[in-house]
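To start, the structure under review is shown below, and the notes come after it.
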Amino acid sequence: MVMALLQAAKSGDRETAQRLYDAFMPLETLRDDISLIRVLHDAVTFSQIAGMGPILPLLSSTPPEHHAKISQAARALLALERKFAHTNPSISQPQAPA
Numbered sequence: 817m818v819m820a821l822l823q824a825a826k827s828g829d830r831e832t833a834q835r836l837y838d839a840f841m842p843l844e845t846l847r848d849d850i851s852l853i854r855v856l857h858d859a860v861t862f863s864q865i866a867g868m869g870p871i872l873p874l875l876s877s878t879p880p881e882h883h884a885k886i887s888q889a890a891r892a893l894l895a896l897e898r899k900f901a902h903t904n905p906s907i908s909q910p911q912a913p914a
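Per our numbering, residue 817 is the first one in the sequence shown, and the count goes up by one each step.
Written as structure tokens, this is what we have:
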């Protein structure tokens, strides 16, 4: 979806760019409000993309009261990404370097 967002922005397709941008905003807002690193770490774990394990020293874990919001935003974004990849396979696949 990130590549589709970039393509839409470059081509001037504002409607598509805004729709894709809006899909990222719930998780990005949580990252801004709580912690860029901790929320991304938890989002990967909660969406079951990968088990990230504990956060290493010098950082503290995300407070538990934020876990449900992070999980919901991460799972919603992952579901949208999977749906997008299914309906737009040519945009979703990484391009080989030239």
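Beta carbons are placed, not taken as given, at the ideal position from N, Cα and C, and that holds for glycine.
Between the CA atoms of residue j and residue i - distance to the nearest angstrom
i, j, result
"I907", "R847", "26 Å"
"Q864", "R891", "9 Å"
"M841", "M868", "22 Å"
"H883", "G828", "36 Å"
"Q888", "L843", "9 Å"
"P905", "E831", "20 Å"
Buried or exposed by the 16-neighbour rule on C-beta atoms within 10 Å, applied to residue i
i, result
"T845", "exposed"
"T903", "exposed"
"S851", "buried"
Beta-carbon proximity list for residue i, same chain, < 7 Å, skipping 5 on both sides
i, result
"A866", "V860"
"A833", "L821, A824, A825"
"L875", "I853, R854"
"I871", "R854, H857, S877"
"M819", "I907"
"E881", "none"
Cβ-based neighbour list, residue i, same chain, cut-off 6 Å, excluding 5 preceding and 5 following
i, result
"M817", "L836, E897, F900"
Contact check, residue i vs residue j, beta carbons under 8 Å
i, j, result
"K886", "D858", "The amino acid at residue 886 is misidentified as Lys; the sequence shows Ile. Closer than 8 Å, so yes."
"A839", "L894", "no"
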